[in-house]
Amino acid sequence: MEVDEENPTSTSPAEASDLIPDSESVLPDVNTTPVQPIQPILPPVAVPPIAPIPTIPPPPVPRPLAPLPIRPPVSRPPTTQNGEVRASDSDSDHDDSGPNQTTSGPTGEYEISEESRLVRERQEKAIQELMMKRRAKALAVPTNDMAVRTRLRKLGEPMTLFGEREMERRERLRTIMAKLDAEGQLEKLMKAHEEEEAAASAAKADAEEDIVQYPFYTEGTKALLDARVQIAKYSLVRAALRIQRARRKRDDPDEDIDAEIDWALKQAETLALDCSEIGDDRPLSGCSFSQDGKLLATCSLSGVAKLWSMPQVKKVCTLNGHTERATDVAFSPVCDHLATASADRTARLWNTEGSLLRTFEGHLDRLARISFHPSGKYLGTASFDKTWRLWDVETGEELLLQEGHSRSVYGIAFHHDGSLAASCGLDALARVWDLRTGRSILALEGHVKPVLGVSFSPNGYHLATGGEDNTCRIWDLRKKKSLYTIPAHSNLISEVKFEAQEGYFLVTASYDMTAKIWSARDFKPVKTLAGHEAKVTSLDVVGDGHSIATVSHDRTIKLWSSSSHEKEQAMDVD
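552 is the number of the first residue of the sequence shown in the working numbering; add one for each residue after it.
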């Protein structure tokens, strides 16, 4: 049994020989082990036959391949880049040789397809564009459009293209500069242009040396110099008197300024419509009281000015002479002369008898407002030719042509001392001028629409302006800023006037068909003068403040008087 377990699969030689196929021969084993003692023979064990193992045929031997033909190397002429001769044998140089491009491989060179070549060209082009954009962003390109145009002209490019905007023009300049920089020509071009400009500027400087240098300002006439000297002397005396009077009121215990203001405002509250008269067949455009308040002058769009007696408002005479509509009228502060302005570009001086004394010609466009200097020797006119002018009343000579507004000049007023003039215009700006030096000493910015009226206060340091933004602004000349803004009317303000004696109240006229009185102490409303049926175009205040005259597009003159003044007149009659 032990032997059976040890050799469970042992077979006899005859059986083994039966298992070997006939095609194979069995070779005797030379190195055989020594023969063991023969064990006792046991009865044979039945073993099932084993299936023959199938034979796998060996793989066929591959036939050797023919070697690839080796292409002869293509000889290329040396290429130039940035002015330098460059000979390269790299593969990248051969890649650009044309449609028959080759690339070296482990066994030689092989052809690149047309599609691969196009893909490679697109990649190289994209890389070049990316590098160009990076180089363009690193360049300093001017932001001012005029500088961009100048740079394009220097580079020999058109300054602008059809329909091209500012940003598009700048991007075009950036692209051109990046392209030139990539080619190494930008610095060379810019340096050449700088040298040309330096040479041109040097030549220009040499030419300017031979030219006589003139002052940057316009030299005035001898008459203007004399007028400035007279205005300076006149204003110094007036300013000294005003300051002396203000000090006396401040230091005198008997003077109560608040009581005086209260009395003047109470008197203004009692103003009522005293008389209404048809002034002309056309709308009225201006009015002005004489120095004594006994005459009122009006003008209308018919070009006719008329004189009226006060307080009955009866016509005295008619002033005919203008060929276009009259725009303003003003009485002289020292005599019975009056001046009218017209759209025929002239101003005329008249006497109270209706005789024409002088004509002031020189403006290039229609006139707006006019005003007399406190001395009565000079007349200021504002015009739509963007200038205001100063005239000598006695000779009719134009002393000063003053520019400074960017649009039409509409209003003009003189300081009560005579040293300053104020102008306002359609550029929403008011300017203060020193008549003694000719300088613009103050520009008052605050209105958002054209300024149509301007007036100095008798106190010497307040200035009022009114305009199309429906507001009246009070300016402090000492602080050089706006002191108060009055939302005065519901339509544009056509005229602004301070009470001429003390300046205790302010009157504004508006296209909302009303005129309003405001306190000069706190700028609160005091009285509304309502009665006109159309736009109120102008107003004036009698020197003592007892009467106010307004004219309108309804062709009427309305006189507003205080009740206390009427009682005083009745007592005088009695």
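The beta carbon of each residue, even a glycine, is placed where N, CA and C say it ideally should be.
These figures come from a predicted structure and were not determined experimentally.
* Asked: Using the C-alpha atoms, what's the distance from A1039 back to E1019?
  -> Here residue 1019 refers to the residue found at position 468 when the sequence shown is read from its first residue. Here residue 1039 refers to the residue found at position 488 when the sequence shown is read from its first residue. Their Cα atoms are separated by approximately 11 Å.
* Asked: In its own chain, which residues sit with a C-beta less than 7 Å from the C-beta of L977, not counting the 5 before and 5 after it?
  -> Position 426 of the sequence shown, counting from 1, holds the residue named residue 977. Once the five neighbours on either side are set aside, the close Cβ partners of L977 are R958, S959, Y961 and P1001.
* Asked: Is there a Cβ from chain C that is less than 9 Å from the Cβ of S970?
  -> No chain C is present in this structure, which holds just one protein chain.
* Asked: Which residues in the same chain as T1022 place their Cβ atom closer than 8 Å to its Cβ, once the five residues preceding and following it in sequence are excluded?
  -> Numbered from its first residue, the sequence shown carries residue 1022 at position 471. Answer for T1022: H998, T1036, I1037, P1038, A1039 and I1044, listed in chain order.
* Asked: Given D825, which residues of its chain have a CB within under 8 Å of its CB, disregarding the five upstream and five downstream residues?
  -> The residue you call residue 825 lines up with position 274 of the sequence shown. Excluding positions up to five away in sequence, the list reads P862, S1098, L1110, W1111, S1112 and E1117.
* To do: Could you tell me which residues DSSP puts in a beta bridge with C975?
  => Residue mapping note: residue 975 aligns to position 424 of the sequence shown, counting from 1. G962 and A981, per the DSSP bridge assignment.
* **Whether G927 touches C868 by CB criterion (9 Å)** => What you label residue 927 is simply residue 376 of the sequence shown in a count that begins at 1. What you label residue 868 is simply residue 317 of the sequence shown in a count that begins at 1. The answer is no: Cβ separation not under 9 Å.
* **Closest Cα partner of C975 within the set K866, R779, H1104 and W939** => By one-based count along the sequence shown, residue 975 stands at place 424. For the residues K866, R779, H1104 and W939, the minimum Cα distance to C975 belongs to W939.
* Sort A972, T897 and S906 by Cα distance to D936 and report the nearest one. => Numbered from its first residue, the sequence shown carries residue 936 at position 385. Selected option, being the one with the closest Cα: T897.
* Runs of beta strand (DSSP E) wholly within the stretch 910–961 (minimum 3 residues, chain order) -> 918–923, 929–934, 939–943 and 949–953
* When burial is assigned at 16 or more other CB atoms within 10 Å of the CB, is S970 buried or exposed? -> Within the sequence shown, numbered from 1, the residue matching residue 970 stands at position 419. The residue is buried, with at least 16 neighbouring Cβ atoms inside 10 Å.
* **Cβ contact check for the stretch 835–846 and the stretch 783–803: 3 or more pairs under 8 Å** => no
* What three-state label does DSSP hand S667 in the structure shown? -> What you label residue 667 is simply residue 116 of the sequence shown in a count that begins at 1. Reduced to three states, the DSSP call for S667 is helix.
* Buried versus exposed, by CB contacts within 10 Å (16 or more), V670 -> In the sequence shown, residue 670 corresponds to position 119, counting from 1. Classification of V670: exposed, given that the 10 Å Cβ count is below 16.
* If we ignore side chains and look at the alpha-carbon of each, how far apart do R793 and I808 end up? -> Counted from its first residue, the sequence shown places residue 793 at position 242. Counted from its first residue, the sequence shown places residue 808 at position 257. Their backbone Cα atoms lie some 15 Å apart in a straight line.
* **Short Cβ contact (9 Å threshold) for L822 with L1080** => Stepping through the sequence shown from its first residue, residue 822 is reached at position 271. Stepping through the sequence shown from its first residue, residue 1080 is reached at position 529. Yes, Cβ-Cβ distance for L822 and L1080 is below 9 Å.
* **Counterpart residues of A890 in DSSP-defined beta bridges** => Residue 890 sits at position 339 when you count from the first residue of the sequence shown. According to DSSP, which records beta bridges pairwise, A890 is partnered with A881 and L900.
* Asked: Based on the DSSP output, what are the partners of D1027 in its beta bridges?
  -> What you label residue 1027 is simply residue 476 of the sequence shown in a count that begins at 1. DSSP lists H1013 and K1032 as the beta-bridge partner residues of D1027.
* Asked: Buried or exposed: which applies to Y1012, given that a residue is buried once 16 or more other Cβ atoms fall within 10 Å of its Cβ?
  -> Taking the first residue of the sequence shown as position 1, residue 1012 is located at position 461. Exposed.
* DSSP bridge partner residues for F1056 (one or two, in chain order) -> Indexing the sequence shown from 1 puts residue 1056 at position 505. Answer is S1070.
* To do: Go to E820, then tell me how far its alpha helix (DSSP H) extends in each direction, as first and last residue.
  => Stepping through the sequence shown from its first residue, residue 820 is reached at position 269. Unbroken alpha helix (DSSP H) run through E820: I808 to E820.
* With a CB to CB cut of under 8 Å and the five nearest residues on each side skipped, what residues in its chain are close to P579? -> Within the sequence shown, the letter at position 28 stands for residue 579. Confidence in P579 is poor, its pLDDT being 42 and thus under 50, which makes the residue's placement too unreliable to answer from.
* **H1083 vs S1103 beta-carbon contact at 9 Å** => The count along the sequence shown starts at 1 and reaches residue 1083 at position 532. The count along the sequence shown starts at 1 and reaches residue 1103 at position 552. Taking a C-beta distance under 9 Å as the contact criterion, H1083 and S1103 qualify as a contact pair.
* CB-CB under 6 Å to D1105, same chain, minus the five flanking residues each way: which ones, in chain order? -> By 1-based counting over the sequence shown, the position of residue 1105 is 554. Closer than 6 Å at Cβ, skipping near neighbours: H1083, E1084 and A1085.
* Determine, using beta carbons only, whether P1009 and Q953 come nearer to each other than 9 Å. => Here residue 1009 is taken as the residue at index 458 of the sequence shown, counted from 1. Here residue 953 is taken as the residue at index 402 of the sequence shown, counted from 1. Their beta carbons are not under 9 Å apart, which means P1009 does not touch Q953 by this criterion.
* Quick one: using the 10 Å Cβ neighbour count with 16 as the cut-off for buried, is P1076 buried or exposed? => Position 525 of the sequence shown, counting from 1, holds the residue named residue 1076. Exposed.
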